[in-house]
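Residue numbers (our numbering), protein chains in the order written: chain A, 10 to 123; chain B, 10 to 123.
Cβ atoms here follow ideal geometry from the backbone N, Cα and C, with glycine treated the same way.
The structure presented is a predicted model; accordingly, all values stated were derived computationally and were not measured.
Reviewing the structure listed below.
Protein chains: 2
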Amino acid sequence: MYERKIIPNLNCGFDLIGEVLFGKWKIRLLWFINEGHKRPSELQRKIPDASRRVLNIQLKEHELVTRKIFPVVSPKVEYSLTEFGRTLIPVIAALGQWGDENEVRLRDVILRQV
Amino acid sequence: MYERKIIPNLNCGFDLIGEVLFGKWKIRLLWFINEGHKRPSELQRKIPDASRRVLNIQLKEHELVTRKIFPVVSPKVEYSLTEFGRTLIPVIAALGQWGDENEVRLRDVILRQV
DNA sequence: TCGGATAGGAATAAATTTTTCCCCTATTGC
DNA sequence: GCAATAGGGGAAAAATTTATTCCTATCCGA
Chain A
10 MYERKIIPNL NCGFDLIGEV LFGKWKIRLL WFINEGHKRP SELQRKIPDA
60 SRRVLNIQLK EHELVTRKIF PVVSPKVEYS LTEFGRTLIP VIAALGQWGD
110 ENEVRLRDVI LRQV
Chain B
10 MYERKIIPNL NCGFDLIGEV LFGKWKIRLL WFINEGHKRP SELQRKIPDA
60 SRRVLNIQLK EHELVTRKIF PVVSPKVEYS LTEFGRTLIP VIAALGQWGD
110 ENEVRLRDVI LRQV
């Protein structure tokens, strides 16, 4: 595990939500779990560009998700949002909506600056 | 300027908004400009932990902010949100609000995992 | 019996972002 | 002339995040 060298500052709501939400795949993980895609393999199929590794790591962060292991073979695991994680869903929805509403313009602006 | 080696995927609203919003200081820049702190030096004072450099860079990204130069000495510059940038304000407000509402819990969860 | 699916871990490499350091413009004031 | 102010920029280093590669297991189907 990587040890931070700089302690994050947590001075305001922006800092705080940034810490939990701004991983590359975090939002999508929460979103898809909320939609009912619970198993790791499902999530990996939904987010094929992410490495398995990062998904596993991000799923463990900040107690947004619980992990239930079924003692069967082959292994079965199901993720669910915690109560706390669920409170993020409306916020995430707002983010996705803004992105969708401005899709054309965003695509243009982003690609010009890449 | 750093040249990306991997083209970002822009498949959904989450990708799109992530590209414009998820710089370390981006949200605060937009927020403070919206609050009327327009000059570079003001913004630097509001965000003392950021390096000047990054603020300048992030202010130029994605056409969220316009830069007006006043031809006086010593130099004066004012940033303003573009029409487009302004549409992000409600979204940013929602982010900050969630962070504020969950401040205690977040501080705890984050510091335990740092 | 081999290949694939299930789930995950460790170590390491690569990519990306942010910071640091030093430099430049021009004017005013001492 | 030199420092201060107000605004930037490039190169390189440091920090951080993601991706890659190779491992562990069991079971099912061809």
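Per DSSP, what kind of secondary structure is residue i in: helix, strand or coil?
{"i": "residue 31 of chain A", "result": "coil"}
{"i": "residue 73 of chain A", "result": "coil"}
{"i": "residue 47 of chain B", "result": "coil"}
{"i": "residue 90 of chain B", "result": "strand"}
{"i": "residue 78 of chain A", "result": "strand"}
{"i": "residue 14 of chain B", "result": "coil"}
Would you say residue i lies against chain B (beta-carbon separation less than 7 Å)?
{"i": "residue 61 of chain A", "result": "no"}
{"i": "residue 72 of chain A", "result": "yes"}
{"i": "residue 28 of chain A", "result": "yes"}
{"i": "residue 94 of chain A", "result": "no"}
{"i": "residue 64 of chain A", "result": "no"}
Is the CB of residue i under 7 Å away from at least one CB in chain A?
{"i": "residue 113 of chain B", "result": "no"}
{"i": "residue 127 of chain B", "result": "Residue 127 of chain B cannot be examined here, being either before or after the span of chain B that is shown, 10 to 123."}
{"i": "residue 100 of chain B", "result": "yes"}
{"i": "residue 116 of chain B", "result": "yes"}
{"i": "residue 90 of chain B", "result": "no"}
{"i": "residue 119 of chain B", "result": "yes"}
{"i": "residue 104 of chain B", "result": "yes"}
When you compare only the Cα positions, how much space is there between residue i and residue j?
{"i": "residue 82 of chain A", "j": "residue 34 of chain A", "result": "28 Å"}
{"i": "residue 119 of chain A", "j": "residue 71 of chain B", "result": "6 Å"}
{"i": "residue 24 of chain B", "j": "residue 62 of chain A", "result": "19 Å"}
{"i": "residue 26 of chain B", "j": "residue 84 of chain B", "result": "33 Å"}
{"i": "residue 122 of chain B", "j": "residue 105 of chain B", "result": "21 Å"}
{"i": "residue 79 of chain A", "j": "residue 47 of chain A", "result": "13 Å"}
{"i": "residue 56 of chain B", "j": "residue 40 of chain B", "result": "11 Å"}
{"i": "residue 98 of chain B", "j": "residue 107 of chain B", "result": "14 Å"}
{"i": "residue 115 of chain A", "j": "residue 100 of chain B", "result": "16 Å"}
{"i": "residue 31 of chain B", "j": "residue 18 of chain B", "result": "15 Å"}
{"i": "residue 113 of chain A", "j": "residue 28 of chain B", "result": "14 Å"}
{"i": "residue 10 of chain A", "j": "residue 92 of chain B", "result": "42 Å"}
{"i": "residue 53 of chain B", "j": "residue 42 of chain B", "result": "11 Å"}
{"i": "residue 65 of chain A", "j": "residue 38 of chain B", "result": "32 Å"}
{"i": "residue 44 of chain B", "j": "residue 14 of chain A", "result": "32 Å"}
Considering only heavy atoms of the ligand SAH, does any lie closer than 6 Å to the CB of residue i?
{"i": "residue 42 of chain B", "result": "Absent from the structure shown: the ligand SAH. Ligands present: none."}
Just checking my contact of residue i with residue j at CB under 8 Å: how many whole Å lie between their CB atoms?
{"i": "residue 90 of chain A", "j": "residue 73 of chain A", "result": "7 Å"}
{"i": "residue 76 of chain A", "j": "residue 86 of chain A", "result": "6 Å"}
{"i": "residue 103 of chain A", "j": "residue 59 of chain B", "result": "About 25 Å separates the two Cβ atoms, so there is no contact after all."}
{"i": "residue 117 of chain B", "j": "residue 22 of chain A", "result": "Actually they do not touch by this definition, with Cβ atoms about 15 Å apart."}
* Asked: Between the stretch 31-58 of chain A and chain B, which residues of the former have CB atoms less than 8 Å from a CB of the latter, in chain order?
  -> Within the stretch 31-58 of chain A, the residues whose Cβ lies closer than 8 Å to some Cβ of chain B are 31, 33, 36, 37, 40 and 58, listed in chain order.
* **the stretch 13-27 of chain B: positions lying closer than 8 Å to chain A by Cβ** => Of all residues in the stretch 13-27 of chain B, those with a C-beta nearer than 8 Å to a C-beta of chain A are 13, 16, 17, 18, 19, 21, 22, 23, 24, 25, 26 and 27, reading in chain order.
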